[in-house]
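Chemist:
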Amino acid sequence: MKRRAFLGLGSALVAASAVGGWALTHHTEQPLLLSARNDADGRHYAVGYRLDGSPVFATPVKERCHDVYAHPHLPLAVFVGRRPSRESYLIDSRDGTLLQVLTSPPDRHFYGHGVFHSSGDWFYTTENDTAEAGRGVLGVYRVEGRQLIRSGERSTHGIGPHQLLWMPDGETLVIANGGIRTEADSREMMNLHAMEPSLVLLHRDGTLISKEQLPEQMNSVRHLAVAADGTVVSGQQYEGDPMDPVPLLAIKRPGQAFQAFPLGEAQRQTMNQYTASLAINDSLRLLAVTAPRGNKVFIWDLDTAALREEIHLPDCAGVGAVEQGFVVSSGQGRCRLVDCTGKAFVSTPLQLPPGLWDNHLRLV
Amino acid sequence: MYPNRIFRAVTATALGLLLGACAPSDPYAQTSQALTDEVLLPAYADWAEANRRMAASSIAFCADNEELADAREAFLQAQLAWAGLQPLLIGPMGEGNRAWQVQFWPDKKNLVGRQIGSLLKRKPQLTQADLESGSVVLQGLSAYEYVLYDKAVDLTDSATKARYCPLLQAIGEHQQKLSADMLQTWKAKDGMAAQLSEFPNERYAESAEAIADLLRVQVTALDGLKKKLGAPLGRQSKGFPQPFQAEAWRSDATLPSIDAALAGAQQLWLGTDGNGLKALVPTEQADLTKRIDVAYETARQHLVDIMLPFSELIADEAGRARLDALYQDIDALHRLHQTELARALGVQIGFNAHDGD
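Read top to bottom, the protein sequences are chains A and B. Using this note's numbering, the letters of the first sequence correspond one by one to residues 26 to 389. Using this note's numbering, the letters of the second sequence correspond one by one to residues 7 to 363.
1) In the DSSP output, what is Gly-282(B) paired with across the bridge?
2) Are the stretch 150 to 164 of chain A and the stretch 202 to 215 of chain A in contact at 8 Å, needing three or more beta carbon pairs?
3) Rank Val-118(B), Cys-68(B), Lys-233(B), Tyr-302(B) by C-alpha distance to the C-alpha of Leu-276(B) and give the top, closest one.
4) Is Pro-206(B) close to chain A, meaning its C-beta is less than 8 Å from at least one C-beta of that chain?
5) Considering only C-alpha positions, which residue in the set Ala-350(B), Leu-47(B), Ser-185(B), Glu-323(B) is nearest to Glu-290(B)?
6) Considering only C-alpha positions, which residue in the set Asp-92(A), Leu-76(A), Asp-77(A) is nearest to Tyr-70(A)?
7) For Ala-218(B), would you say it is in contact with chain A, using Cβ-to-Cβ distances shorter than 8 Å as the test?
8) Classify Trp-147(A) as helix, strand or coil using the three-state DSSP reduction.
9) Listed from N- to C-terminal order along the chain, which residues in the stretch 189 to 213 of chain A have their beta-carbon within a distance smaller than 8 Å of any beta-carbon of chain B?
10) Any beta carbon of chain A sitting closer than 8 Å to that of Gln-354(B)?
11) Taking 8 Å as the CB-CB limit, is Ala-149(B) close to chain A?
12) To the nearest angstrom, how far is it from the Cα of Ser-213(B) to the Cα of Ile-65(B)?
13) Tell me whether His-51(A) sits in a helix, a strand or coil according to DSSP, three-state version.
14) Going by DSSP in three states, Leu-154(B) sits in which element: helix, strand or coil?
15) What residues from chain A crowd round Gly-102(B), counting only those whose CB sits closer than 7 Å?
16) Suppose the cutoff is 6 Å on Cβ atoms and the five residues either side in sequence are ignored; what does the same chain contact list for Ile-276(A) look like?
17) Got a sec? Which residues, its chain only, sit under 7 Å from Ala-56(B) by beta carbon, not counting five neighbours each side?
18) Under three-state DSSP, which class holds Ile-312(B)?
19) Can you check whether the C-beta of Asp-70(B) is within less than 8 Å of a C-beta belonging to chain A?
20) By the three-class DSSP mapping on this structure, what secondary structure does Lys-114(B) have?
21) Residues of the stretch 89 to 121 of chain A with a CB closer than 9 Å to any CB of chain B: list them in chain order, please.
22) With 9 Å as the limit, tell me which residues of the stretch 334 to 360 of chain B have their beta carbon closer than that to any beta carbon of chain A; keep them in chain order.
23) Considering only DSSP beta bridges, list what Asp-52(B) is partnered with.
24) Are the Cβ atoms of Pro-379(A) and Gly-358(A) separated by less than 8 Å?
25) Quick check on DSSP: helix, strand or coil for Asp-163(B)?
26) Hey, out of Lys-115(B), Phe-81(B), Ile-336(B), Ala-51(B), whose CA is closest to Thr-226(B)'s CA?
27) So which residues of chain B does His-228(A) contact, with C-beta pairs closer than 8 Å?
28) Just the chain E side, please: which residues come within less than 7 Å of Asp-340(A) by C-beta, in chain order?
29) Which same chain residues end up closer than 7 Å to Ala-342(A) when comparing Cβ atoms and leaving out the 5 residues on each side of it in sequence?
30) With distances taken Cα to Cα, identify the nearest neighbour of Gln-55(A) among Val-72(A), Ala-313(A), Ser-79(A), Gln-238(A).
31) Whose Cβ in chain B lies nearer than 8 Å to the Cβ of Asn-216(A)?
32) Going by DSSP in three states, Ala-71(A) sits in which element: helix, strand or coil?
33) Hey, out of Val-165(A), Asp-154(A), Val-86(A), Glu-213(A), whose CA is closest to Gln-125(A)'s CA?
34) Compile a chain-ordered list of the residues in the stretch 359 to 376 of chain A whose CB is closer than 7 Å to at least one CB of chain B.
35) Nearest-angstrom Cα distance between Gly-145(A) and Ile-96(B)?
36) For a quick check, are the C-beta atoms of Ala-250(A) and Leu-163(A) less than 8 Å apart?
This is how it looks when you write it as structure tokens:
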């Protein structure tokens, strides 16, 4: 069995590799980790912590949130409500002040993901048109001062859209249409035998650039990571038989078709038909994926698809790239810093509070 | 209000960690180590021994040196050792779907029966390598049970016996090797036993993570027991009983398997001398301790009282009502562990794993 180096709980110094973001001007400080988190009584919070463990804010919010996205140059972040929430939260990331409860229009709810445009003037979310249940909508919001004003919407050209991210041009969105139809105020899946998952590239003006599907109709494309060269990786959740040998990761390299990422059979089985979050470390060209049902974090070489590391982390959740490698959170245990710069990867527990971290994290 | 509370908890945890690192007595580490030495390692050793005997039995039976009844008894011991291990599937055996190599459940489409037929047609001279490289469905106890118990296989007929014996022996060998390898992995330097005993290590940043992992697999097993009982009772099929979806229905070892799994879970709770998870419940929650004690005793007493085989109980309404009462017992145990015990031990279970987003 492969042995990897391990360090005890220490004050690991971490540098965020996130490009842009207001925090870079405060470079003497540790990166700020943003995430949704619960307390032991099941109440929901939008939280910010420095990676050395120092708390910045923990703002109580009514709805459980899913992903969070920071403004490119203002100290603002949107914590996006988890499906079928009709609320998201605009937060001052310096002190956690709740600046705005963003409410979806009638017949719309959020899916847990959103992104700011690099100009800082626009915010986009994936939403459900519950009047025509499952029809994927891209909500468009204008940033005015410290408020978001809805200005329109586009089609995501699919059912049940989930994560969306920018392609390197900053104008094209890649959208994971999960393919699952759910109705207002519900998480019940209505169309398991008629799912239509797809990966869509969409100009933010609404022009459809491409729409691609995987061969397995019940393989829901849900989460994404995009590399600086435009390589897109998607993580799937399979709704079919637990025994079906289905690719749970897929990749679209520049100029190539969307296709299965060559995943080892042992890793695929460990995932238990479920992936959670993805992150790419651009300078190291590494891909990290959390598999909470397998209680494992996997790291691959993005170019060769060789498995580089497998870390036991029960109920692992969010993952984000930092200069040395990745930071991973967990619903159950301590967050870990995985240093991938040496020959052996070194996993260090962080002095952040353990457990109760929700599905995604962002570092700014 | 809330933010302060969260931050205070952080400070307290950090403080606890510092103390934990210096103080000689860390109750979570003590419990984890005691359970490893006194419950987990013995259970893995018992499982390996039961498989060693089953492998030997398959050879003896196939050489006509052992009766079918003895071969079946060896199978039952391996089946019950495996069932008892369910709440203890922490570490390698609980990962990467290795468990499918031992037991294929639920077998909704009779894959075991169908695949055995087609395998023996393709490979009449089945070798160990054929089994190892083939479907996991046929590598374990489910296929072994089929050969020894299914009506379609008449082992009193010597030609039939000769046809199935290579499969029986190959499974015995596979199970023996798998269980011996697992025991070795547990005992190895920096293996599971060490990782559950000395902290921090590459798997657990602190003893609390090990206890959380132990409770997690216990809760998963209790949930699994509900499914194993609920599926044949028709809880996932609009109330229509599905007797062939019971665990080990061919050998009618369904209820003994459930009892063995409950016994394993109870051992994790009690330890050998009150030094199990129970020891970690704060003294002011003695009521919870009592309720969990009683819930285990109630469920296991119900199993003793039932006395009839599962196949008879599932066949009529009165029997199903008794099985349903047993289901309620296990459901109560599951809830007690998943919510109240988890909270008492400061463990969060399956927050993201069950997220579905």
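Where is the CB? At the ideal position from N, CA and C, for every residue including glycine. Since the structure is predicted, the reported quantities are computational estimates derived from the model, not experimental observations.
Modeler: Looking at the coordinates:
1) Stepping through the second sequence from its first residue, residue 282(B) is reached at position 276. According to DSSP, which records beta bridges pairwise, Gly-282(B) is partnered with nothing at all.
2) yes
3) Counted from its first residue, the second sequence places residue 276(B) at position 270. Checked all of Val-118(B), Cys-68(B), Lys-233(B), Tyr-302(B); the closest Cα to Leu-276(B) is Tyr-302(B).
4) Here residue 206(B) corresponds to residue number 200 of the second sequence, with the count starting at 1. Yes, its Cβ sits closer than 8 Å to a Cβ of chain A.
5) Locating residue 290(B) in the second sequence gives position 284, where the first residue counts as 1. Ranking Ala-350(B), Leu-47(B), Ser-185(B), Glu-323(B) by Cα distance to Glu-290(B) puts Ala-350(B) first.
6) One-based indexing of the first sequence puts residue 70(A) at position 45. Comparing Cα positions, the closest option is Asp-92(A).
7) Sequence index remark: in the second sequence, residue 218(B) carries index 212 (1-based). Chain A, which has a Cβ nearer than 8 Å to the Cβ of Ala-218(B), makes this yes.
8) Residue 147(A) sits at position 122 when you count from the first residue of the first sequence. Of the three classes helix, strand and coil, the one that applies to Trp-147(A) here is strand, per DSSP.
9) Arg-212
10) Residue 354(B) sits at position 348 when you count from the first residue of the second sequence. True, the Cβ-Cβ gap to chain A drops below 8 Å.
11) Taking the first residue of the second sequence as 1, we reach residue 149(B) at position 143. So, not an interface residue.
12) Taking the second sequence and counting its residues from 1, one reaches residue 213(B) at position 207. Taking the second sequence and counting its residues from 1, one reaches residue 65(B) at position 59. When rounded, the distance between both Cα atoms is 44 Å.
13) Taking the first residue of the first sequence as 1, we reach residue 51(A) at position 26. Residue confidence for His-51(A) is low, a pLDDT of 47 falling below 50, so the modelled location carries little weight; the figure read from the coordinates is stated next. DSSP places His-51(A) in helix when its eight states are reduced to three.
14) Residue numbering aside, residue 154(B) sits at position 148 when the second sequence is read from its first letter. Residue state, collapsed to three classes: helix.
15) Taking the second sequence and counting its residues from 1, the one referred to as residue 102(B) is at position 96. Simply Ala-291, Gln-294, Thr-295.
16) Residue mapping note: residue 276(A) aligns to position 251 of the first sequence, counting from 1. Around Ile-276(A): Val-258, Phe-286.
17) Along the second sequence, read from residue 1 onward, the residue named residue 56(B) stands at position 50. Around Ala-56(B): Gln-83, Ala-84, Ala-87.
18) Translated into positions along the second sequence, residue 312(B) becomes position 306. In the structure shown, Ile-312(B) sits in a helix (DSSP, three-state: H, G or I).
19) Residue mapping note: residue 70(B) aligns to position 64 of the second sequence, counting from 1. It does not: the Cβ of Asp-70(B) has no partner Cβ on chain A nearer than 8 Å.
20) Stepping through the second sequence from its first residue, residue 114(B) is reached at position 108. Coil.
21) His-91, Arg-107, Arg-108, Gly-121
22) Arg-349, Gly-352, Val-353, Gln-354, Ile-355, Gly-356, Phe-357, Asn-358, Ala-359, His-360
23) Walking along the second sequence from the start, residue 52(B) turns up at place 46. Note: Asp-52(B) sits in no beta bridge, so no partner.
24) Stepping through the first sequence from its first residue, residue 379(A) is reached at position 354. Stepping through the first sequence from its first residue, residue 358(A) is reached at position 333. Closer than 8 Å, so yes.
25) Here the question's residue 163(B) lines up with position 157 in the second sequence. Residue state, collapsed to three classes: coil.
26) Counting from 1 along the second sequence, the entry for residue 226(B) is found at position 220. It is Ile-336(B).
27) Indexing the first sequence from 1 puts residue 228(A) at position 203. Simply none; closest approach about 27 Å.
28) Absent here is chain E; the protein component of the structure consists of chains A and B.
29) Within the first sequence, residue 342(A) is the residue found at index 317, counting from 1. Closer than 7 Å at Cβ, skipping near neighbours: Ala-301, Ser-302, Thr-315, Pro-317, Ser-354, Ser-355, Gly-356, Trp-382, Asp-383, Asn-384.
30) Indexing the first sequence from 1 puts residue 55(A) at position 30. Out of Val-72(A), Ala-313(A), Ser-79(A), Gln-238(A), Ser-79(A) has the C-alpha closest to the C-alpha of Gln-55(A).
31) Mapped onto the first sequence, residue 216(A) falls at position 191. Those within 8 Å of Asn-216(A) in chain B number zero; the least Cβ separation is about 15 Å.
32) Counting from 1 along the first sequence, the entry for residue 71(A) is found at position 46. DSSP places Ala-71(A) in strand when its eight states are reduced to three.
33) In the first sequence, the residue the question calls residue 125(A) occupies position 100. Per the Cα distances, Val-86(A).
34) Arg-359, Ser-372, Pro-374, Gln-376
35) Position 120 of the first sequence, counted from the first residue, corresponds to residue 145(A). Position 90 of the second sequence, counted from the first residue, corresponds to residue 96(B). In a straight line, the C-alpha of Gly-145(A) is about 47 Å away from that of Ile-96(B).
36) Mapped onto the first sequence, residue 250(A) falls at position 225. Mapped onto the first sequence, residue 163(A) falls at position 138. No, the pair does not count as a contact, with Cβ atoms beyond the cut-off.
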